[in-house]
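Since the structure comes first, as structure tokens, the remarks are kept for the end.
Number of protein chains: 4
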Amino acid sequence: MIIVTKPEATEEQLQHLLDRIKEAGLKAEVSRGAQRTVVGVIGAEDVIREMPLAAIPGVESVTPVLKPYKLVAREFRGQTGVVKIGDVAVGGKEVVIMSGPCSVESRAQIVGIGREIAKAGARILRGGAFKPRTSPYSFQGLGVDGLKLLAEARAETGLPIITEVMDPRDLESIEQYADCLQVGARNMQNFSLLKEVGRSKLPVMLKRGMSATIKDLLMSAEYILSEGNFNVLLCERGIRTFETATRNTLDLNAVPVLQAETHLPVVVDPTHGIGLREHVTSMALAAVACGADAIMCEVHDSPENAKSDGEQALLPHEFEDLVQRVKKVAEAVGRTV
Amino acid sequence: MIIVTKPEATEEQLQHLLDRIKEAGLKAEVSRGAQRTVVGVIGAEDVIREMPLAAIPGVESVTPVLKPYKLVAREFRGQTGVVKIGDVAVGGKEVVIMSGPCSVESRAQIVGIGREIAKAGARILRGGAFKPRTSPYSFQGLGVDGLKLLAEARAETGLPIITEVMDPRDLESIEQYADCLQVGARNMQNFSLLKEVGRSKLPVMLKRGMSATIKDLLMSAEYILSEGNFNVLLCERGIRTFETATRNTLDLNAVPVLQAETHLPVVVDPTHGIGLREHVTSMALAAVACGADAIMCEVHDSPENAKSDGEQALLPHEFEDLVQRVKKVAEAVGRTV
Amino acid sequence: MIIVTKPEATEEQLQHLLDRIKEAGLKAEVSRGAQRTVVGVIGAEDVIREMPLAAIPGVESVTPVLKPYKLVAREFRGQTGVVKIGDVAVGGKEVVIMSGPCSVESRAQIVGIGREIAKAGARILRGGAFKPRTSPYSFQGLGVDGLKLLAEARAETGLPIITEVMDPRDLESIEQYADCLQVGARNMQNFSLLKEVGRSKLPVMLKRGMSATIKDLLMSAEYILSEGNFNVLLCERGIRTFETATRNTLDLNAVPVLQAETHLPVVVDPTHGIGLREHVTSMALAAVACGADAIMCEVHDSPENAKSDGEQALLPHEFEDLVQRVKKVAEAVGRTV
Amino acid sequence: MIIVTKPEATEEQLQHLLDRIKEAGLKAEVSRGAQRTVVGVIGAEDVIREMPLAAIPGVESVTPVLKPYKLVAREFRGQTGVVKIGDVAVGGKEVVIMSGPCSVESRAQIVGIGREIAKAGARILRGGAFKPRTSPYSFQGLGVDGLKLLAEARAETGLPIITEVMDPRDLESIEQYADCLQVGARNMQNFSLLKEVGRSKLPVMLKRGMSATIKDLLMSAEYILSEGNFNVLLCERGIRTFETATRNTLDLNAVPVLQAETHLPVVVDPTHGIGLREHVTSMALAAVACGADAIMCEVHDSPENAKSDGEQALLPHEFEDLVQRVKKVAEAVGRTV
């Protein structure tokens, strides 16, 4: 922790600051410059991270030296971990492709799409049963019935399934059916939910919030790990910027930055990220090129009849093409599909 | 709904689009330009709002004509409504001042601060018992004990209390103590929670999410009203932008825009909005000048010992000064304090 | 300057860093923590501000202690300065109102509007002769003819005039007619232009760029002052965010922050800031409440025939109302109009 | 153009709107809904694009149907064009690599780096002689002397050179030495400069501004083409968002979107885009995977001594590695290097 005082700070204020640091059991080193005094705090930063040092009169700024996360830090493990969803390993040499419709709509739909994407090369089936929708008047998902249909699709295709949990009260029933839990972008800082999935035995894919910094995303993951669940995937799915030509701004910069900061595998969702069907494949290729461990993209057999997000869903044959092209780029960067 | 086709759209694609509109029971008017065809859809827009028309081949863009919200729309009521918190009316001529510490920390603290702000002119006492914190290692609030202390402070000061609900499972106990529920910025799109508070008998203050557009905020409020609870306040508390000199960017533009769009009263939180203690008062004055119905700001009697957000809390005497200055500006714009 | 090393930094790397600091004639204080070493650099920070210390192997981060601007810093003067435009003082007790059309269109238009706003209380007349337009096919301004018309309007109304300079090559002719130069948001980092207006004898109003931080704005002003021209006004006119309900996001937080950081007076342009005619007055009131030294807003006698920005221009009678309301708020905060 | 009226619009207001459209020589089609009337304008949209229709009383919104740009539109040419810089073609099958230091610093430096990058596979040499710097106290470039050194480096290496022009008055001397002009992000809306380079015989690389939408970028390019210069490259170099872990947010979404919208080749600058040396290569790979026609990245032989941007420059051997890896990804997407 580095504390800089204001030019007009008094000796008394400085002394009070030093007393507070000492009280907390830490050591301070004082460097007096011509205009400001700099106080370096030596020792375990967490002890005083929670102290509102900037509220002490005479203090101009407080800059932490250490990262605020521990369990998610790459240093904790030293390399990318592998998270298993069913029997599929994410975080190894294989770039895993997750796919499926936005929402589960019917048995025929989810089983049909599941079969097509399995044949094309998908390894994990996604499908929403509980849907977070901007409007209360929009389709809210089939709920538990949707979960059952997902389980049937798994039985038919052999693909493990991932589905979203929005409410801690739904967790128990979702756990009966799913192989992986998804926490959506809008719930990335729903801390009650994070704690709850942190106590689950299932792996969790945590999506980055629309205005979440990379640090925020890591802190939210830290919530899950701190409850004991280390099987966490982080998913970049686009942030909100001033650009309106795309639905969101898929922030691929986050991929290498996350991989340097954490041991958790990184998934990229180009579908929500760019939100334009014709460009989903381009962004999937880019994601793999810069190091994504998995790709999640939405497929629908009849987008114009989809109950949600039809505008951005790929048709099955477009998805097949995506997989073929992703395979080539994966090989070019030393991975497989 | 206005649909524009692509330059290369075929007659067949256009016909298919018209068939879909007709199937939905609506009428289409077709205007053929040199480069694009424009299709205007006449009739109840909600019928097809959920149809992914942009997924139909040949469609370039779909622009809604009507607003996606109904119950929150100003047209629904024609004027600003009044929401009562205890016996305090928000949305009338009086600009209501809500204040208190970020977190409830002890009986002495909440009762002490409560008394000081009541004397200075605050009408409602705030204080967090369940705290959404970025880090799992930060103080998470006193929970139900905090609620009880709030109730004691109400008994001592006569001020009705507002406190945050983060988890639907906590709602029942919070309802026993609180006069108004707060849904925080990070839960603005926690739709399960919105539905739950929509079924409560208590008024709800909904804070704008850090990356929520004004439309998003209104849609989230629509969730609450659609469950039957019309006693909703909207709170502008700063959005996330590229600017780092301030903690958030308090978006006062939202105040007049919201007041033109909705009948719900508008609260402004300058404390989180700018995040710098020395400038909270300036932003409170600005908020009142542009029409805010209420102001919420944080006060602490010993900011450097606060368990959360001490850096931005006003001291009681600074708050007193704020109230005096707010009063003058309120009068200048035809309101009272 | 505070330098933090990487956990894996070697002693050799640290020594190399210390050598570089010593070479520059500065002193380093080293604090060794368990995980990182912190190096505080004592002495004139500017000497090494330009050294890319972060490029030195083993360095994790470099944090400056001192502000990168000098001449614009409040400490340089100790109080808000007064800048005179013609005989009107900006930065004193009076909140100065600048107004006029977006573009000069004809003699009748600029003289007519000039008279109306003068009567209503404006103190300075604005009008664009050289117009920065997003499209090359839009009206680009009347150029020198527009300047002549502005001068005629000044003769008729007695109001000093402010007009935009876009190109260093136009400066000489603009200086013959104008009382104050405006550098527009799109040219805020056109450093050639900044140097040129820094050599002018006229005062300069520098508008904040759409993605400029407050620090960027101050650094651009520093360019002007460093060439010898200290008569600079800073203008907040809205930044670009994700919000689309308003044209820009008028960032009023910048007003108190700038006033704490610099001695330069602060102008607010609510017209471009919110971009919605019906809400310009609300934002003007807010700007004055939080401390703006001047307000600039656009007026047109026939907005629907305006050659630029008609959508956001006030009618003369709306402007008259704005001035009356601004006057009341100004008095409430101890200023005059 | 589609115009929607307000619910409270009168018949008289509607008639006035229709009269204005008719006066402009266009045809209007009126669709009356229950709550709003929609007016579709048929005919050449440019005729009324400049009319401030939204300023007409009773109008709620105005939505253009056609794109505001013409010459840059993909439809104008039907395919990606090829722009030649010296004898190097950008926009064909080859992904062109441009590289060099941020600033030209000395003969030894620019010739030395030029030789290393040429050997590694770069096809074009970059180097700044006129530097746009945030601070007036930073190194501002060697000016004309820098241009001469660039010309010497071209003679030694055979690589054509690209360098930035900041001021219309410098253009003539830059044209004597350069093979391609660069307009920097901060000058993307310096319309005087755009017109000037539009009259040059040299190709121009236009960098996207930090807060420029894709549409803004295309409109700025339209300025250049409208003056007769069709040899324009567009460069994505990162936008400004709330994320602070990276210097900018490289927006790769812009690559496929631009390629669908325009015939101009697209360059990506991963160096400024992410601003972190260790991640430049990852972003270069991603850029090529999603379709970039060229990559620009900065190389320095002694980053810690660089006069600008040393923190983000690659060492020559890192650049060599980048080229080898880019080559593989280029091949995977059917391109060459």
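Note that the protein sequences, when read in sequence, are chains A, B, C and D.
Sequential numbering of the first sequence, starting at 40, is according to the working numbering.
Sequential numbering of the second sequence, starting at 40, is according to the working numbering.
Sequential numbering of the third sequence, starting at 40, is according to the working numbering.
Sequential numbering of the fourth sequence, starting at 40, is according to the working numbering.
Where is the CB? At the ideal position from N, CA and C, for every residue including glycine.
Note that this is a predicted model, so its numbers are computed, not measured.
Any beta-carbon of chain D closer than 8 Å to the one on residue i?
i	result
A:E328	For clarity, residue 328 of chain A is Ala in the given sequence; the question names Glu instead. So yes, A:A328 belongs to the interface.
C:S100	no
A:H318	yes
B:R75	yes
B:G312	no
A:E155	no
C:Q221	no
B:G79	yes
Quick one, which of the options has its alpha-carbon nearest residue i's?
i	options	result
A:P304	A:A326, A:L272, A:S321	A:L272
D:V294	D:A325, D:E133, D:L264, D:N270	D:A325
D:Q363	D:A159, D:D348, D:R247, D:G167	D:A159
D:K45	D:E62, D:A93, D:I60	D:A93
D:V236	D:R286, D:K254, D:I87, D:E266	D:E266
B:L53	B:A67, B:A63, B:M227	B:A67
B:C329	B:K346, B:G373, B:L354	B:G373
C:T285	C:N268, C:E261, C:G312, C:L264	C:G312
B:S341	B:A371, B:A63, B:E350	B:E350
D:R113	D:S231, D:L354, D:L297, D:T375	D:L297
D:V111	D:I263, D:V98, D:A73	D:I263
C:G166	C:K61, C:H356, C:I156	C:I156
B:R88	B:E51, B:Y108, B:A168, B:R75	B:Y108
Using a C-beta cutoff of 8 Å, does residue i count as contacting chain A?
i	result
D:K350	Note that residue 350 of chain D is Glu in the sequence shown here, rather than Lys. No, no contact with chain A.
D:I278	yes
B:I42	no
B:A331	no
B:S138	no
B:M89	Note that residue 89 of chain B is Glu in the sequence shown here, rather than Met. Yes, because at least one Cβ of chain A sits closer than 8 Å to the Cβ of B:E89.
B:M335	no
D:A371	yes
Looking at chain B, is there any beta carbon in it that lies within less than 8 Å of the beta carbon of residue i?
i	result
D:P46	yes
D:S174	no
D:E275	no
C:M15	As shown, chain C starts at 40 and ends at 376. That puts residue 15 of chain C outside it, with no answer to give.
C:E359	no
A:S231	yes
Within the present structure, is the beta-carbon of residue i separated from the nearest heavy atom of the ligand COA by less than 7 Å?
i	result
B:D360	In the structure on display, the ligand COA does not appear, and there are no ligands present to speak of.
Please tell me whether residue i has its Cβ less than 8 Å away from any Cβ of chain C.
i	result
B:A224	no
Q: Ignoring anything shorter than 3 residues or poking outside the region 242-314 of chain C, list the beta strand (DSSP E) runs there in chain order.
A: 243-246, 271-275, 305-307
Q: Check each residue of the region 234-266 of chain A: if its Cβ is closer than 7 Å to any Cβ of chain D, include it; give the result in chain order.
A: S250, T252, I253, K254
Q. Taking only runs of the alpha helix (DSSP H) that begin and end inside the region 179-235 of chain C, which ones reach a length of at least 4 residues, in chain order?
A. 183-196, 210-216
Q | Interface residues of the region 105-135 of chain B facing chain D [CB-CB below 8 Å] | A | L105, E114
Q.
Across the region 68-80 of chain A and the region 117-126 of chain A, are there enough close Cβ pairs to call them in contact, namely three or more that are closer than 8 Å?
A. no
Q. Three or more beta-carbon pairs under 8 Å between the region 314-321 of chain A and the region 131-145 of chain A, yes or no?
A. no
Q) Mind listing which residues of the region 278-303 of chain B have their C-beta closer than 8 Å to chain D's C-betas, in chain order? A) R279, T280, F281, T283
Q. On the three-pair Cβ rule with 8 Å, is the region 212-223 of chain A touching the region 235-255 of chain A?
A. yes
Q.
At a CB distance below 8 Å, what residues from the region 162-173 of chain D approach chain C? Give them in sequence order.
A. P171, R172, T173
Q: Please specify which runs of the alpha helix (DSSP H), each continuous and at least 4 residues long, are wholly inside the region 97-156 of chain A, giving them in chain order.
A: 113-116
(Q) Residues of the region 61-73 of chain C in Cβ contact with chain A at a cutoff of 7 Å, in chain order, please. (A) E68, S70, G72
Q: Say whether the region 276-284 of chain C touches the region 245-264 of chain B, bearing in mind that this needs 3 or more beta-carbon pairs closer than 8 Å, one atom from each stretch.
A: yes
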